[in-house]
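Top to bottom, those sequences are chains A and B. Here the first sequence stands for residues 1 to 195, numbered as in the UniProt record's numbering. Here the second sequence stands for residues 1 to 195, numbered as in the UniProt record's numbering. All remarks here apply to the structure that follows.
2 protein chains.
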Amino acid sequence: MRRSQQDRSRGTKAALTAAARALFAARGYDAVPADEIVRAAGVTRGALYHHYADKKALFRDVVVGLEAEITAEIRTAMTSAPDLPTGIAAALTAFLDACARPEVRQVSLLDAPRVLGWSDWRAIEAEFGLALLIEAFTLATDAGLVRPQPVGVLSRLILSALTEAALLIADADDPAQIRAQAEQALGTWIAGLIG
Amino acid sequence: MRRSQQDRSRGTKAALTAAARALFAARGYDAVPADEIVRAAGVTRGALYHHYADKKALFRDVVVGLEAEITAEIRTAMTSAPDLPTGIAAALTAFLDACARPEVRQVSLLDAPRVLGWSDWRAIEAEFGLALLIEAFTLATDAGLVRPQPVGVLSRLILSALTEAALLIADADDPAQIRAQAEQALGTWIAGLIG
DNA sequence: AAGTCTTACATACATACGGTATGTATGTAA
DNA sequence: TTACATACATACCGTATGTATGTAAGACTT
């Protein structure tokens with residue numbers, strides 16, 4: 001059986017991103033040498049630098065994949081709920097769960113801003129997580145749940161608070177308690193937006 | 001004139017942190033080789049590794065110094081106001097101004113979490129910025145401006161939103177507009193805490 | 001189907017950085 | 001003033017990234 005060049009490329013890129021994702025998640029971006037990634041992926045440095053300009057480009061691919069994945073999860077949680085308010089609540093839960101995963105925490109929250117640069121990272125976030133948040137916001141506004149207002153900046157502030165909450169929970173000795181406090185604080189905030 | 005050993009140490013450490021701070025601020029932690037730092041400080045690698053365990057330890061010293069500096073500025077802004085509400089407003093302004101400085105943005109907000117590790121960075125933040133925020137919160141609670149509540153988690157969420165706002169403003173094409181939106185959003189949040 | 005071109009990879013190498021080991025000068029105390 | 005500790009300088013080593021070069025495997029052309 002003859003594999004096409006496209007298939008070959010897809011296969012090795014997938015192997016590289018999968019290996020890189022696991023290693024980056026476990027030890028962080030620059031604690032993982034490219035050698036180890038290619039070894040885990042069953043290829044050599046040649047393959048890596050053929051498909052990616054540099055190590056950072058591979059990392060970016062990992063981040064985008066991860067972001068796409070968790071955004072899909074959250075979107076599913078939100079849209080599969082019977083009504084919008086419970087959907088939003090479910091989305092919040094799904095978000096906190098996603099951020100609690102070590103790979104998300106390490107790769108997407110800790111490494112990404114610095115490795116990719118803040119503005120590039122922000123662009124990725126805007127494409128995925130922020131887009132979802134603004135979507136939810138718009139739905140809520142249309143449903144009359146919150147009063148109309150410029151949502152761009154507000155969404156980013158909320159997203160950062162959500163992210164911070166997720167990190168706090170992940171790092172806490174008593175996650176349940178911290179999560180309760182965080183959800184209460186965030187709930188109060190959201191409630192204040194209704195009017 | 002004979003300089004004591006303490007004076008020598010203080011001098012070279014100060015030269016190292018000053019040089020490192022400027023270089024880290026301009027180009028980021030790992031874009032700056034230690035060689036360049038020691039050259040700028042007028043010493044050699046020997047001096048660096050005599051006083052600091054590694055490059056990261058020097059960076060940490062820079063972060064702590066920076067944090068102490070801006071916290072002092074903000075505290076001054078807050079306490080030198082005639083009353084608490086205007087003091088808090090002044091503190092907010094001072095905070096946003098501080099975060100807008102490139103060195104704070106790069107060193108303290110972008111590099112620090114990853115280079116030092118999130119929990120160590122969090123500890124530094126807790127000692128300076130967060131402590132100030134909680135202090136303000138407690139004052140406001142005592143003055144009856146906000147209702148009593150657990151402030152630890154809430155303060156962190158607010159701090160992260162404040163920080164995000166500062167980054168957004170620093171990165172915006174139209175800083176004034178973004179700043180206005182951010183202050184409005186934050187103001188609404190704070191207002192919701194009263195009662 | 002033979003030859004040519006292009007893509008996909010492997011290997012070898014150049015370079016740069018961080019950290020250490022060793023040597024030397026300067027201050028300090030018995 | 002002798003014995004020691006502290007503060008630095010220099011030379012070196014290991015390891016990482018990225019590049020240059022070579023090779024094999026599809027993919028067109030005729």
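Beta carbons: idealized from backbone N, C-alpha and C, even for Gly.
Under 8 Å by beta carbon: chain B residues contacting residue i
i: D171(A); result: W118, S119, R122
For residue i, the three-state DSSP class (helix, strand or coil)
i: A166(A); result: helix
i: V38(A); result: helix
i: residue 202(B); result: Residue 202(B) cannot be examined here, being either before or after the span of chain B that is shown, 1 to 195.
i: residue 243(A); result: Absent from the model: residue 243(A). The displayed extent of chain A is 1 to 195, so no value can be given.
i: T44(B); result: coil
i: Y49(B); result: helix
i: S155(A); result: helix
i: I134(B); result: helix
i: V32(B); result: coil
i: A180(B); result: helix
i: G192(A); result: helix
i: D120(A); result: helix
i: P150(B); result: coil
i: A172(A); result: coil
i: V107(A); result: helix
Supposed contact pair residue j and residue i - C-beta distance, whole angstroms, cut 8 Å
i: L132(A); j: I74(A); result: 6 Å
i: A34(B); j: R45(B); result: 6 Å
i: V104(A); j: L66(A); result: 6 Å
i: I62(B); j: V107(B); result: Note on identity: in this sequence residue 62(B) is Val, with Ile being the wrong assignment. That belief holds up - the Cβ atoms of V62(B) and V107(B) are roughly 6 Å apart, short of 8 Å.
i: A90(A); j: A98(A); result: Not a contact, Cβ separation roughly 12 Å.
i: A25(B); j: A41(B); result: Not quite, the Cβ-Cβ distance comes to about 15 Å (not below 8 Å), so this is no contact.
i: A57(B); j: F128(B); result: The pair is not a contact, with the Cβ atoms about 18 Å apart (cut-off 8 Å).
Residue-chain proximity (residue i, chain B), Cβ-Cβ < 9 Å
i: D174(A); result: no
i: D30(A); result: yes
i: T188(A); result: yes
i: M1(A); result: Reliability fails at M1(A), whose pLDDT of 46 lies under 50, so the model's placement of it is uncertain and the value that follows must be treated cautiously. Chain B, which has no Cβ nearer than 9 Å to the Cβ of M1(A), makes this no.
i: L84(A); result: no
Extent of the continuous alpha helix (DSSP H) run through residue i
i: V115(A); result: 112-116
i: Q5(A); result: 5-27
i: E69(B); result: 55-79
i: F128(A); result: Where F128(A) is concerned, there is no enclosing alpha helix (DSSP H), given that its DSSP letter is neither H nor E.
i: residue 199(A); result: A query on residue 199(A) cannot be resolved here, the shown segment of chain A reaching from 1 to 195 and no further.
Any chain A beta carbon closer than 9 Å to residue i
i: P113(B); result: yes
i: G46(B); result: no
i: A191(B); result: yes
i: P150(B); result: yes
i: G65(B); result: no
i: L23(B); result: no
i: L96(B); result: no
i: residue 211(B); result: This structure cannot speak to residue 211(B), because chain B is shown only from 1 to 195.
i: L139(B); result: no
Interface partners of residue i on chain A, CB under 7 Å
i: V153(B); result: L168, I178, Q181, A182, A185
Residue i: contacting residues in chain A (beta-carbon distance under 8 Å)
i: S160(B); result: S160, A161, T163, E164
Beta-carbon neighbours of residue i, restricted to chain B and to distances below 7 Å
i: R156(A); result: E164, L168
i: L110(A); result: P113, R114, W118
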